[in-house]
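Protein chains: 2
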Amino acid sequence: MNGAQALIRTLVGAGVDVCFANPGTSEMHFVAALDDVPEMRGVLTLFEGVATGAADGYARMAGKPAATLLHLGPGLGNGLANLHNARRGRASVVNVVGDHARSHKRLDAPLEADIDALAGAVSGWVRRSLSPADVAADAAEAVAESARRGIATLVLPADVSWEDGAEPAGPPPYWYPPVPTEYRLADVAAVLGRGEPTVLFLGGDVVASDEGLLAAGQVAAGTGARLMAETFPARMVRGAGLPDLPKLPYPPEMAMAALAGTRHLVLAGATSPVHFFGYPGVPGTPVPADCTVHVLSAPGEDGVAALRELAAMAAPAAGGQQALLEPARPELPSGELTPRTVSAVVGALLPERAVVVDEVLTSGVGLAELTSGAPRHDWLSLTGGAIGDGLPMAVGAAVACPDRPVLALQADGSAMYTIQALWTMAREQLDVTVLLYDNGSYAILQHELSRVGAAEDGKRAGELLHLGTPALDFVALATGMGVPATRATTAEELADQLRTALAAPGPHLVQAVLRG
Amino acid sequence: MNGAQALIRTLVGAGVDVCFANPGTSEMHFVAALDDVPEMRGVLTLFEGVATGAADGYARMAGKPAATLLHLGPGLGNGLANLHNARRGRASVVNVVGDHARSHKRLDAPLEADIDALAGAVSGWVRRSLSPADVAADAAEAVAESARRGIATLVLPADVSWEDGAEPAGPPPYWYPPVPTEYRLADVAAVLGRGEPTVLFLGGDVVASDEGLLAAGQVAAGTGARLMAETFPARMVRGAGLPDLPKLPYPPEMAMAALAGTRHLVLAGATSPVHFFGYPGVPGTPVPADCTVHVLSAPGEDGVAALRELAAMAAPAAGGQQALLEPARPELPSGELTPRTVSAVVGALLPERAVVVDEVLTSGVGLAELTSGAPRHDWLSLTGGAIGDGLPMAVGAAVACPDRPVLALQADGSAMYTIQALWTMAREQLDVTVLLYDNGSYAILQHELSRVGAAEDGKRAGELLHLGTPALDFVALATGMGVPATRATTAEELADQLRTALAAPGPHLVQAVLRG
Numbered sequence: 015m016n017g018a019q020a021l022i023r024t025l026v027g028a029g030v031d032v033c034f035a036n037p038g039t040s041e042m043h044f045v046a047a048l049d050d051v052p053e054m055r056g057v058l059t060l061f062e063g064v065a066t067g068a069a070d071g072y073a074r075m076a077g078k079p080a081a082t083l084l085h086l087g088p089g090l091g092n093g094l095a096n097l098h099n100a101r102r103g104r105a106s107v108v109n110v111v112g113d114h115a116r117s118h119k120r121l122d123a124p125l126e127a128d129i130d131a132l133a134g135a136v137s138g139w140v141r142r143s144l145s146p147a148d149v150a151a152d153a154a155e156a157v158a159e160s161a162r163r164g165i166a167t168l169v170l171p172a173d174v175s176w177e178d179g180a181e182p183a184g185p186p187p188y189w190y191p192p193v194p195t196e197y198r199l200a201d202v203a204a205v206l207g208r209g210e211p212t213v214l215f216l217g218g219d220v221v222a223s224d225e226g227l228l229a230a231g232q233v234a235a236g237t238g239a240r241l242m243a244e245t246f247p248a249r250m251v252r253g254a255g256l257p258d259l260p261k262l263p264y265p266p267e268m269a270m271a272a273l274a275g276t277r278h279l280v281l282a283g284a285t286s287p288v289h290f291f292g293y294p295g296v297p298g299t300p301v302p303a304d305c306t307v308h309v310l311s312a313p314g315e316d317g318v319a320a321l322r323e324l325a326a327m328a329a330p331a332a333g334g335q336q337a338l339l340e341p342a343r344p345e346l347p348s349g350e351l352t353p354r355t356v357s358a359v360v361g362a363l364l365p366e367r368a369v370v371v372d373e374v375l376t377s378g379v380g381l382a383e384l385t386s387g388a389p390r391h392d393w394l395s396l397t398g399g400a401i402g403d404g405l406p407m408a409v410g411a412a413v414a415c416p417d418r419p420v421l422a423l424q425a426d427g428s429a430m431y432t433i434q435a436l437w438t439m440a441r442e443q444l445d446v447t448v449l450l451y452d453n454g455s456y457a458i459l460q461h462e463l464s465r466v467g468a469a470e471d472g473k474r475a476g477e478l479l480h481l482g483t484p485a486l487d488f489v490a491l492a493t494g495m496g497v498p499a500t501r502a503t504t505a506e507e508l509a510d511q512l513r514t515a516l517a518a519p520g521p522h523l524v525q526a527v528l529r530g
Numbered sequence: 015m016n017g018a019q020a021l022i023r024t025l026v027g028a029g030v031d032v033c034f035a036n037p038g039t040s041e042m043h044f045v046a047a048l049d050d051v052p053e054m055r056g057v058l059t060l061f062e063g064v065a066t067g068a069a070d071g072y073a074r075m076a077g078k079p080a081a082t083l084l085h086l087g088p089g090l091g092n093g094l095a096n097l098h099n100a101r102r103g104r105a106s107v108v109n110v111v112g113d114h115a116r117s118h119k120r121l122d123a124p125l126e127a128d129i130d131a132l133a134g135a136v137s138g139w140v141r142r143s144l145s146p147a148d149v150a151a152d153a154a155e156a157v158a159e160s161a162r163r164g165i166a167t168l169v170l171p172a173d174v175s176w177e178d179g180a181e182p183a184g185p186p187p188y189w190y191p192p193v194p195t196e197y198r199l200a201d202v203a204a205v206l207g208r209g210e211p212t213v214l215f216l217g218g219d220v221v222a223s224d225e226g227l228l229a230a231g232q233v234a235a236g237t238g239a240r241l242m243a244e245t246f247p248a249r250m251v252r253g254a255g256l257p258d259l260p261k262l263p264y265p266p267e268m269a270m271a272a273l274a275g276t277r278h279l280v281l282a283g284a285t286s287p288v289h290f291f292g293y294p295g296v297p298g299t300p301v302p303a304d305c306t307v308h309v310l311s312a313p314g315e316d317g318v319a320a321l322r323e324l325a326a327m328a329a330p331a332a333g334g335q336q337a338l339l340e341p342a343r344p345e346l347p348s349g350e351l352t353p354r355t356v357s358a359v360v361g362a363l364l365p366e367r368a369v370v371v372d373e374v375l376t377s378g379v380g381l382a383e384l385t386s387g388a389p390r391h392d393w394l395s396l397t398g399g400a401i402g403d404g405l406p407m408a409v410g411a412a413v414a415c416p417d418r419p420v421l422a423l424q425a426d427g428s429a430m431y432t433i434q435a436l437w438t439m440a441r442e443q444l445d446v447t448v449l450l451y452d453n454g455s456y457a458i459l460q461h462e463l464s465r466v467g468a469a470e471d472g473k474r475a476g477e478l479l480h481l482g483t484p485a486l487d488f489v490a491l492a493t494g495m496g497v498p499a500t501r502a503t504t505a506e507e508l509a510d511q512l513r514t515a516l517a518a519p520g521p522h523l524v525q526a527v528l529r530g
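Chains as they are written, first to last, in the numbering used here: chain A, 15 to 530; chain B, 15 to 530.
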């Protein structure tokens, strides 16, 4: 068999059976080989940023990587921003980047680019397959490395793909994340035993499972530590029956207030927090100067196991019983659409087992509070700050979880980065409801323009942050790509339309018009 | 004044007075400074690929760079593909990439990425401004280097932007491209004098002006050499009154046939041709094995001056008179819409002084022939093979040439890469007519799937190249972004709609439905 066939069979054998693809000429044998391996599901996207963002969302929900198929350096370039987000969230992705045939490489053909530099900037592992005899082993290693290092990128020359002489490789060994040592646990237990103001700062694997959250809650109840989650967790389980877990706020002043007085910050699955951006005269991190940071588990370690052991060591001594959230939903609001009434509609209607993809940024006022007592759900955030991951992640989450409803909470400005994702939702008939927050601006930037101390928002500067001229008609955009869509201007309309969209299978978009 | 103000004033002083922008928080002082320098025109785009592609189109038509404003590594990543195209076409671009404040850099905040690696992969020059006192000189050098090296990227830390103590720098010295030496001219003149089968292979600056083409035509007429242009020139002047200049065909077999029997290939402004991709059993280049390649002028040299001198040396000896194209337009066709009838409609209606942006790829059957006798126009091609440059280049060309009509010939698959460009056309009310070729597929890839010798187009493989499920409604997409649009299914409808769109100011889109 040829290299492409062996590659795809190896991926499938290693459990990688979805490929988000934007193929070009150099990937044609890979495309052709899809016919030979029906276990591999090829999902076409109209832009590489959709493919990589879908792989990000897929990995977060499936707990294993999808492959992407990208076309040389420029195709990889188009996918970089969402690979950045995946990297920041420690999602596993296996990129297959087609390249020129080996003999063509030195000719500097028009598409020639420095794939290795681009791949290296976002990948934990990069390999160029040099012969059909190697490609299967390379693919198996890519899958193995993606479990440890997140993004694994395999560069596949066209002739390595088309030449015969390849054989599939067996699946790579399963990778078990390391468990923190007993010494570390004992140190943290001692810190928690002091009774000083302590925050157990959670993220990564710890907030992605009931078990992690409940163990953390037990530790907090037993020791008096406060629980707090990183601002943008890759995946967070939420809802009634779990401990209340506030997230560290995004604005620097609010973040500093949230951690004020804290003497010990114990990290479990999260890194020590820093502000998203530096500002004149503001320290770079919200951690108080006299606060000591302790690592219970670093990202990539088994934080859930660490918390379970810590709970056994620390909690019984103090003996508190953790409080869990009661089922609670807000009343359906009426009247004007504001960020808060939209949040209340979401809280009132959020379906059980929903996967929420959150790229609303500034407009999510009250959203966490109004959904905290909803039925159990997962919440995916924008981990790396590169906007345009929301709609693609919704694609990937829906492919990973075909039996669960996906609700994409999506701001307008960031929606336009990868709006092409709607087409893939329609093509694959994914059960995604997009709630599009239309505030007609890059609202977060209007806020930032004033907060950085920049001169009074002049007219020309302000115009550069305004999306309203012309207004974006998301109903037209969605229907133009085959996704049924409606527009809501009151809370009642929104509730009706959202309920209908959530109840019907397949993709839908509801444009919530927020003005004034 | 602060760094941002000094930077913008320096750019304006150096003639860079357009900035295609996708700002984020780290660029807020740059945005604020726009109010202070009204000579700088900020053009907002909804995606960085639109900003960089617009800068590409702008540079090709204005003959000077625009600035782009990009948001850290991910923003640069989103713009890489069209910077690749700009680099391949030797267009000058000055990127300003905002970065974290210097004090924030070491904190590994979520948006932290290896900007230098990404910038280095596409730029001829990269600099990180280290203080407000340096930023103006850095900006002046960026403009100077962009003239020589194409893409110049200036990384601008947020605090370098917001701190005071900066002063504008004066404009950089004008850069004159080098002229080939007399020895080289004499060598080439001797080759041309032998009377052996010779092709004068033109590209770059040589095909971008009447003067270059007419000088080349004079050399050809005087020596019996054939004229041929590179396959994808960045900018080519065309139309009645100029010599007929066939382009080297894209398909390898046709390219090899076009150069068969050639003993000497004389390069003027072009590099020696290679096939776009390698294929099993096909040589990498269409240049015959027994053909000698001679460089009259390399890209970046003054090829027009070289040809003018060569014409004076070589042409009078043989004394032929060059044939120039007579004004000629095809009849308006009727009936079914096929690639050829669409080409005839374009040839019949192409306005005088139009700027044609060509990203139709496979669908441009007969297009070159049917427009060759049209009134004088410019033709911009996809130089680097990274699809998604067409609509953005149309934005940039229209900003550069507000008094000229821009006609974007745009394939459907590549249109979807940067469809957000339509919104900027509407926002700026640019005089762009988009003729959207809707064939419902990545037709070029369906062709490639069979031609690479891949297995018979299986059903699953073929589906991955099909854009028809669901069908893309470009009329809805365009109107959703504020661009009036119509749909044509016959040649008569297309002619009517195209005529109307070309006659009216502002942007329009005509979706030409090609089926079967």
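Ideal Cβ positions, reconstructed from N, Cα and C, are used throughout, including at glycine.
Check                                                                                                                                : Outcome
Closer than 7 Å: residue 280(B) CB and nearest the ligand SAH heavy atom                                                             : Among the components of this structure there are no ligands whatsoever, and the ligand SAH is therefore not found.
Residue interval of the alpha helix (DSSP H) (run including residue 273(A))                                                          : 266-273
Separation of residue 477(A) from residue 295(A), as counted between CA atoms                                                        : 27 Å
Residues from the stretch 478-501 of chain B in contact with chain A, defined by Cβ distance under 9 Å                               : 478, 479, 480, 481, 483, 484, 485, 486, 487, 488, 489, 490, 491, 492, 493, 494, 495, 496, 497
Beta-carbon proximity of residue 371(B) to residue 27(B), cut-off 8 Å                                                                : no
For residue 174(B) and residue 181(B), the rounded distance between their alpha carbons                                              : 12 Å
Beta-carbon gap between residue 479(B) and residue 359(B) smaller than 8 Å                                                           : no
Buried versus exposed, by CB contacts within 10 Å (16 or more), residue 541(A)                                                       : Here chain A covers residues 15 to 530 and nothing more, so residue 541(A) does not appear.
8 Å Cβ cutoff met for residue 528(A) and residue 451(A)                                                                              : yes
Beta-carbon neighbours of residue 92(A), restricted to chain B and to distances below 9 Å                                            : 63, 91, 92, 94, 95, 400, 402, 431
Min CB distance residue 434(B) to chain A below 8 Å                                                                                  : yes
Inter-residue CB distance, residue 170(B) and residue 258(B) (contact presumed, cutoff 8 Å)                                          : 47 Å between Cβ atoms; not a contact.
Residue-chain proximity (residue 373(B), chain A), Cβ-Cβ < 8 Å                                                                       : no
Residue environment, residue 24(A), which counts as buried when at least 16 other CB atoms sit within 10 Å                           : buried
Cβ of residue 309(A) within 8 Å of any chain B Cβ                                                                                    : no
Residues, ordered as in the chain, of the stretch 17-43 of chain B that lie near chain A by beta-carbon distance below 8 Å           : 35, 37, 38, 39, 40, 42, 43
First through last residue of the alpha helix (DSSP H) which encompasses residue 118(A)                                              : No alpha helix (DSSP H) holds residue 118(A); DSSP gives it neither H nor E.
Unbroken beta strand (DSSP E) run spanning residue 284(A), endpoints                                                                 : It is not in any beta strand (DSSP E) - residue 284(A) carries neither H nor E in the DSSP assignment.
Residue range of the alpha helix (DSSP H) that includes residue 465(A)                                                               : 457-465
Spatial neighbours of residue 261(A) in its chain, beta-carbon cut-off 6 Å, leaving aside the 5 residues before and after            : 243, 245
Amino acids of chain A, ordered along the chain, whose beta-carbon sits closer than 9 Å to that of residue 437(B)                    : 430, 481, 484, 486
Cutoff 8 Å: residue 128(B) Cβ touching any chain A Cβ                                                                                : yes
Cα-Cα separation, residue 224(B) to residue 399(B)                                                                                   : 26 Å
Residue 379(A) beta carbon less than 8 Å from that of residue 420(A)                                                                 : no
Chain-order list of residues whose beta-carbon lies under 6 Å from that of residue 509(B) (same chain, five-residue window excluded) : 346, 359
Candidates 365(A), 383(A), 305(A): closest to residue 339(A) by CA position                                                          : 383(A)
C-beta atoms of residue 314(A) and residue 221(A) nearer than 8 Å                                                                    : no
Sub-8 Å separation of residue 99(B) and residue 61(B) beta-carbons                                                                   : no
The stretch 267-279 of chain B in contact with the stretch 210-218 of chain B per 3-pair CB rule at 8 Å                              : yes
Where residue 462(A) meets chain B, residues with beta-carbon distance less than 7 Å                                                 : 39, 42
Neighbour list for residue 216(B) in chain A, Cβ cutoff strictly below 9 Å                                                           : By Cβ distance, chain A contributes nothing, its closest Cβ being about 17 Å from residue 216(B), past 9 Å.
Buried/exposed call for residue 417(B), threshold 16 Cβ in 10 Å                                                                      : exposed
DSSP bridge partner residues for residue 261(A) (one or two, in chain order)                                                         : 243(A)
Same chain only: Cβ atoms within 7 Å of residue 503(B), ignoring 5 sequence neighbours per side                                      : 351, 527
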